[in-house]
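Chains as they are written, first to last, in full-length UniProt numbering: chain A, 1 to 248; chain B, 1 to 248. All residues carry an ideal CB built from backbone N, CA and C; glycine is no exception. Below is one structure; the comments refer to it alone.
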């Protein structure tokens, strides 16, 4: 397992954010609030992977060639295997996976409904953006987790990055017709805006999860810290889009 | 590897159908017609799996619960892995997988377009019927293949049967409302009719493949034998539907 370094601009250690990291699940889960937060986290990630599977498989229909179709199908299948691992872990810790996922269904479904790609390139950008944001989020959250849960999250993270093929295709399309870049830049902004809006909805509704995300304590969390995390993820997104030739 | 018994009503051995079975790929593929037939077969199976992946993933959207959705997604993912194995084998024997699949795209796409399920139960019946027909076909063809190709086909076959969960669900729905049985019986007939019609199109267009399917020789094949194979597969389908409570 790789060791994850804490981001430079991590929140203050006032709420002892590293104490849980030194514990295993058996010890950390004695705290009911921590337990609830992890169930929320795994439920949110699991449904996110299942929803991603479904959308990538659907977007594969837009592929111009069989090879492209197979690439997107491969990503979809990888997301499904992430889903399986997260779901199995939920069952292992004695939670009904469906119940853990239910609270997050509306947010993901809204996101995907609002961001159905209208062509293959939009589908590729969405696959790449989604994959990257998921990686960033896994990294942010890993350092706040007990050793067992962190192991799972990092294992799933290690297995992402299937979207790199998308980068090459998008670059080639922009080279061939620079106007495509402008359209896709708007699209990438819309994706990020919709992702943030759905995330904020989840944060507002799921106290235990939000508290853990910012390394908070049981009696409340600092909304400003959640905002900072979103800012870091948005900045990373903006840099990636610029590198891709899409001014965000 | 399991040993596959030859069906009781297998075609006559007039065209030495077992001679290839005793050979490995290196030896058998010296015959250009046999080679072309295997490339066709693997191409047809590969695109069939990729198309099945796509449709099952899409049909997962009709699932009434997250558990059901996950079950169909699991089948879809299994089909994708079959696709990968078949595609990799095509590359291994020096064929461009896309080229091998292309001749079969129209038939599969037409089949799926004509048989888009309108609800979850139709989706389940389609998953079960599709999985079963695929197994029957793999079994029919296995005995006519060289040892290496047979090994691959049997390995993919061993890994099917994900649709058994569908049986339970369909039974329960018919128990709850017997009228559902009548509707689904019509649907199953339509599925089989459409599958046969597309298969016959393929048989008419792909001589080398068709010749091999009936254990024929290089200078032609017996159309009656193809018909017998279709009849065996249709009969097995009818029995399965009856067992499921669907009078075909």
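Name, please, each residue of chain A whose Cβ falls closer than 9 Å to the Cβ of residue 69 of chain B. 50 and 54
How do the region 31-41 of chain A and the region 70-79 of chain A stand: do at least 3 beta-carbon pairs fall below 8 Å, yes or no? no
Helix, strand or coil for residue 68 of chain A? Go by DSSP, reduced to three states. helix
Give the residues from the region 66-93 of chain B that approach chain A closer than 8 Å (Cβ to any Cβ), ordered along the chain. 66, 67, 69, 70, 73, 74, 76, 77, 80, 81, 83, 84 and 87
Cβ-based neighbour list, residue 55 of chain B, same chain, cut-off 7 Å, excluding 5 preceding and 5 following: 112
Residue 237 of chain A beta carbon less than 9 Å from that of residue 93 of chain A: no
Between the region 122-129 of chain B and the region 187-199 of chain B, do three or more beta carbon pairs fall short of 8 Å? yes
Hey, quick one: how far does the alpha helix (DSSP H) through residue 169 of chain B stretch, first residue to last? 164-176
What residue does the alpha helix (DSSP H) around residue 27 of chain B start on, and which one ends it? 25-28
Name, going along the chain, the residues of the region 224-239 of chain A whose beta-carbon falls closer than 7 Å to a beta-carbon of chain B. none
From the beta carbon of residue 39 of chain B, is the nearest beta carbon of chain A less than 9 Å away? no
On a CA-only basis, which of B:103, B:136 and B:117 is nearest residue 156 of chain B? Give me that one, please. B:136
If the cut-off is 9 Å on Cβ atoms, which residues from the region 188-208 of chain B count as contacting chain A, listed in chain order? none
Let me know the secondary structure DSSP gives residue 143 of chain A once reduced to three states. coil
Closest to residue 106 of chain A by C-alpha separation, out of A:48, A:83 and A:84, would be which residue? A:48
Could you tell me if residue 213 of chain B is buried or exposed, where buried requires 16 or more neighbouring beta carbons within 10 angstroms of its beta carbon? buried
Please name the residue in B:61, B:28 and B:86 whose C-alpha comes closest to that of residue 109 of chain A. B:61
CB contact below 9 Å: residue 217 of chain B versus chain A: With a pLDDT of 49 at residue 217 of chain B, under the threshold of 50, the modelled position of this residue cannot be trusted, and the question is left open.
For residue 64 of chain B, decide whether its Cβ has a neighbour in chain A, counting only Cβ atoms nearer than 9 Å. no
Is it true that the CB of residue 38 of chain A sits closer than 9 Å to the CB of residue 154 of chain A? no
If you compare alpha carbons, which of B:149, B:164, B:169 and B:233 is closest to residue 20 of chain B? B:149
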